[in-house]
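Asker: FYI, the numbering for the sequence shown is 0 to 361, going by numbering that gives the first Met the number 0.
Yeah, the Cβ is synthetic: ideal placement off N, Cα and C, and Gly gets one too.
Just so it is clear, the structure is predicted and the values come from calculations on it, not from any experiment.
Before I ask anything, let me first share the structure, which is written out below as C-alpha cells.
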Amino acid sequence: MDAANRSDFYIGLALAVSSTIFIGGSFILKKKGLLRLAKKGSTRAGQGGYAYLKEWLWWAGLITMGIGEAANFAAYAFAPATLVTPLGALSVLVSAVLSSYFLSERLNIHGKIGCLLCIFGSTVMVLHAPQEEEVASLAAMAEKLKNPGFITFAVCIVVSSLALIFFVAPRYGQKNVLVYILICSVIGSLSVSCVKGLGIGIKELFAGTAVLKEPLFWALLICLVICISIQISYLNKALDIFNTSIVTPIYYVFFTTSVMACSAILFKEWLQMSADGAAGTVSGFLTIIVGIFLLHAFKDINFKLDSLPLYLHLGPQDQPYIALPTDERTTMIDKSNLTKERNAKSFFPESSDKRSNGTFIT
C-alpha cells in the first residue's frame, strides 16, 4: 500500500472515530436539555411539546450530532465502508459511558463487559480492515454501478423493500420487530453506497473537478434523500412500538450486515483481503454484536460482583435442579438472609442493655 492510500485510510479512521464521540456525546447533551425542561414543568417532547427549541443544551446536542454526522459522511470518502460502518457501535459505547457519569444512569457489570467487548471488537476490525480503496473518482463509481452483480443486488433490495412496505408491514409491523428493522437495514445499505459516492464526488470537487455537472452526482443525492426518509420513518415506527433495548442491537446487526454485503458486491473490498484478514474482520464484528447485546439486553438487571457467590452456590449434587416459583425463591432468600444475620450476631455481641439473665437476646 502506497503512502497516499495509507494516509487516506488513517484520515478516514480518525474521522470515523471522532464522529462516534460527537454522536455519542450529542445524546447526552440533548437528554440533559430535555431533563431541564421537565424540571421546569414544560410540555415534554413525547407529549407533543416543542419547548426544547428554546433550550440551548438541546441545540448544543443537535449541533454536536451534526458535526458527528458530517465527520462520518467524510469518512466514507477516505476509508472502506467495511471499516466505517461497524465503528458506529462506538457511539453507543460513548453514550452509555457518559450517561453513567452525567445522567446518573446505572451501568452494571454486563454493560461494562459489553463496553470492553465493543472496544476489543472495533480494534480487531481496524487491524484487519482492507486498507486499499479502488474507487477514487465518480467515473470509477459509475463503472462499479454498472456491474451486473450490483444491479441484481439493487433490484433485489428494491423489490424486497416494496414487498415489506406494502404487504408485510401493514399486517405484521405492529407485532414483529424485524419487519420495520429489515426495511431500515436493506434501504440503509443503498444509502451508505450513495454517501460513499457523494463523498468521493465532494473530494473531487475540492480538487478542482467539475463534478456538479455530472448527472451521477445528483442522482446519488436524490437517491440518498429518498433512502434516508424511508429509514427515518420506519426506524421511528420501530422505536415507538418496541423497546429501545431491543431495537438498537437488532438494527445495528442487520444494518451493518447489509452494508458489508453491499460493500462486498459494489466495491469488492473483500477481494483485497487475505483469509486471515477476512476472519479477523468477521470475528471483530461478531464481538461487537455480543458487546452491544450485553450493553442493552441486561441494562435493567441489578447485578453486582458482590452477589456473584450467591449465583455460584451449588446445592447437593445428588438432587436434580428444580426451578422454584418466584414466591418460594423469595422465601428461601429471606430465610437465608435471616440465618446470616443471626450468625453475624453470634460473632459480634450486642450492647449490655440487651442482656437478660446472662444470655443475649436475639
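1) Ile-300: which of Ile-10, Ser-190, Lys-38, Glu-104 sits nearest, CA to CA?
2) So, with DSSP's three-state summary, where would you put Phe-21?
3) Counting only beta-carbon separations shorter than 8 Å, does Ser-17 have a partner in chain E?
4) Quick check on DSSP: helix, strand or coil for Arg-170?
5) Count the other C-beta atoms from every protein chain shown that fall within 10 angstroms of the C-beta of Lys-195, then say buried if there are 16 or more, exposed otherwise.
6) Locate the alpha helix (DSSP H) running through Thr-208, then write down its first and last residues.
7) Please confirm whether Gly-11 and Met-124 have their CB atoms less than 8 Å apart.
8) Measure how close the beta-carbons of Leu-362 and Ala-70 come, nearest whole angstrom, since I'm counting them as under 8 Å.
9) Alpha helix (DSSP H) containing Ile-300: first to last residue?
10) Are the CB atoms of Gln-173 and Ile-229 within a distance shorter than 8 Å?
11) By alpha-carbon positions, which one of Ile-62, Phe-8, Cys-261, Lys-143 ends up nearest to Gly-24?
12) Any idea if Gly-87 is buried or exposed, counting beta-carbon neighbours within 10 angstroms, 16 or more meaning buried?
13) Between Ala-59 and Lys-38, what straight-line distance do the alpha-carbon atoms span, to the nearest angstrom?
14) In whole angstroms, what is the alpha-carbon distance linking Leu-34 and Val-176?
15) Is the separation between the beta-carbon of Ile-245 and that of Ala-76 shorter than 8 Å?
16) List the endpoints of the continuous alpha helix (DSSP H) containing Met-64.
17) Please say whether Cys-193 and Cys-226 have beta carbons closer to each other than 8 Å?
18) Taking only the alpha-carbon atoms, compute the straight-line gap between Leu-137 and Lys-298 and give it to the nearest angstrom.
19) Let me know the secondary structure DSSP gives Lys-145 once reduced to three states.
20) Consult DSSP for Thr-84 and reduce its assignment to one of helix, strand or coil.
21) Say whether the stretch 106–113 touches the stretch 284–293, bearing in mind that this needs 3 or more beta-carbon pairs closer than 8 Å, one atom from each stretch.
22) Buried or exposed, going by whether 16 or more other CB atoms sit within 10 Å of the CB of Cys-183?
23) Measuring only the C-alpha atoms, how far is Ala-162 from Ser-6?
24) Output yes or no for whether 8 Å exceeds the beta carbon distance between Leu-82 and Ala-141.
25) Cβ atoms of Ile-186 and Leu-97: under 8 Å apart, would you say?
26) Rounded to whole angstroms, what is the Cα-Cα separation between Ile-280 and Phe-8?
27) Would Gly-32 pass as a contact of Glu-54 if the rule is Cβ separation under 8 Å?
28) Would you tell me roughly how many angstroms separate the C-alpha atoms of Ile-201 and Phe-72, rounded to the nearest one?
29) For Gly-148, which residues in the same chain have their Cβ closer than 6 Å to its Cβ, ignoring the five residues on either side in sequence?
30) Within the same chain, show all residues whose beta-carbon is closer than 7 Å to that of Tyr-251, passing over the 5 residues directly before and after it, in chain order.
Answerer: If we stick to the structure as given:
1) Taking the sequence shown and counting its residues from 1, the one referred to as residue 300 is at position 301. Sorting Ile-10, Ser-190, Lys-38, Glu-104 by C-alpha distance to the C-alpha of Ile-300 places Glu-104 at the top.
2) The sequence position of residue 21 within the sequence shown is 22, counting from 1. Helix.
3) Checking the listed chains, one finds no chain E in this structure; it contains a single protein chain.
4) The residue given as residue 170 occupies position 171 in the sequence shown. In the three-state scheme derived from DSSP, where H, G and I count as helix and E and B as strand, Arg-170 is classed as helix.
5) Indexing the sequence shown from 1 puts residue 195 at position 196. By the 16-neighbour rule on beta-carbons within 10 angstroms, Lys-195 is buried.
6) By one-based count along the sequence shown, residue 208 stands at place 209. Careful: Thr-208 lies outside any alpha helix (DSSP H) and carries neither H nor E.
7) Taking the sequence shown and counting its residues from 1, one reaches residue 11 at position 12. Taking the sequence shown and counting its residues from 1, one reaches residue 124 at position 125. By the CB criterion at 8 Å, Gly-11 and Met-124 fall outside the cutoff.
8) Nothing in the structure corresponds to residue 362, since the chain is present only between 0 and 361.
9) Position 301 of the sequence shown holds residue 300. For Ile-300, no alpha helix (DSSP H) segment is defined, and its DSSP state is neither H nor E.
10) Against the sequence shown, residue 229 aligns to sequence position 230. Against the sequence shown, residue 173 aligns to sequence position 174. No.
11) Here residue 24 corresponds to residue number 25 of the sequence shown, with the count starting at 1. With respect to the C-alpha of Gly-24, the residue from Ile-62, Phe-8, Cys-261, Lys-143 having the closest C-alpha is Ile-62.
12) Walking along the sequence shown from the start, residue 87 turns up at place 88. Gly-87 is buried by the Cβ-count criterion.
13) In the sequence shown, the residue the question calls residue 59 occupies position 60. In the sequence shown, the residue the question calls residue 38 occupies position 39. Straight-line Cα distance between these residues: approximately 19 Å.
14) What you label residue 34 is simply residue 35 of the sequence shown in a count that begins at 1. What you label residue 176 is simply residue 177 of the sequence shown in a count that begins at 1. Across the structure, Leu-34 and Val-176 are spaced so that their CA atoms are roughly 29 Å apart.
15) Here the question's residue 245 lines up with position 246 in the sequence shown. Here the question's residue 76 lines up with position 77 in the sequence shown. No.
16) Counting from one through the sequence shown, the residue named residue 64 turns up at place 65. Taken as a continuous stretch (DSSP letters only), the alpha helix (DSSP H) holding Met-64 covers 55–77.
17) As a first step, residue 226 is located in the sequence shown; it is residue number 227 there, counting from the start. As a first step, residue 193 is located in the sequence shown; it is residue number 194 there, counting from the start. Yes, they are a contact pair.
18) Here residue 137 corresponds to residue number 138 of the sequence shown, with the count starting at 1. Here residue 298 corresponds to residue number 299 of the sequence shown, with the count starting at 1. If you take the alpha carbons of Leu-137 and Lys-298, they lie about 45 Å apart.
19) Within the sequence shown, residue 145 is the residue found at index 146, counting from 1. Coil at Lys-145, not helix or strand.
20) Counting from one through the sequence shown, the residue named residue 84 turns up at place 85. Three-state DSSP puts Thr-84 in coil, outside helix and strand.
21) Yes, since at least three Cβ pairs between the stretch 106–113 and the stretch 284–293 fall closer than 8 Å, the two stretches touch.
22) For the purposes of this step, residue 183 is identified with residue 184 of the sequence shown, where counting begins at 1. That one is buried.
23) Counting from 1 along the sequence shown, the entry for residue 162 is found at position 163. Counting from 1 along the sequence shown, the entry for residue 6 is found at position 7. Computed Cα separation, rounded: 43 Å.
24) Mapped onto the sequence shown, residue 82 falls at position 83. Mapped onto the sequence shown, residue 141 falls at position 142. Taking C-beta atoms as the reference points, Leu-82 and Ala-141 fail to come closer than 8 Å.
25) Mapped onto the sequence shown, residue 97 falls at position 98. Mapped onto the sequence shown, residue 186 falls at position 187. Ile-186 sits away from Leu-97, with the two beta carbons spaced by 8 Å or more.
26) Residue mapping note: residue 280 aligns to position 281 of the sequence shown, counting from 1. Residue mapping note: residue 8 aligns to position 9 of the sequence shown, counting from 1. The displayed chain sequence assigns Thr, not Ile, to residue 280. When rounded, the distance between both Cα atoms is 16 Å.
27) In the sequence shown, the residue the question calls residue 32 occupies position 33. In the sequence shown, the residue the question calls residue 54 occupies position 55. Going by C-beta atoms, Gly-32 is nearer than 8 Å to Glu-54.
28) By one-based count along the sequence shown, residue 201 stands at place 202. By one-based count along the sequence shown, residue 72 stands at place 73. Between Ile-201 and Phe-72, the C-alpha separation is close to 11 Å.
29) The residue given as residue 148 occupies position 149 in the sequence shown. Cβ within range, chain order: Ile-264.
30) Counting from 1 along the sequence shown, the entry for residue 251 is found at position 252. Within the same chain, and ignoring the five residues on either side of Tyr-251 in sequence, the residues whose Cβ sits closer than 7 Å to its Cβ are Ala-88, Ile-291.
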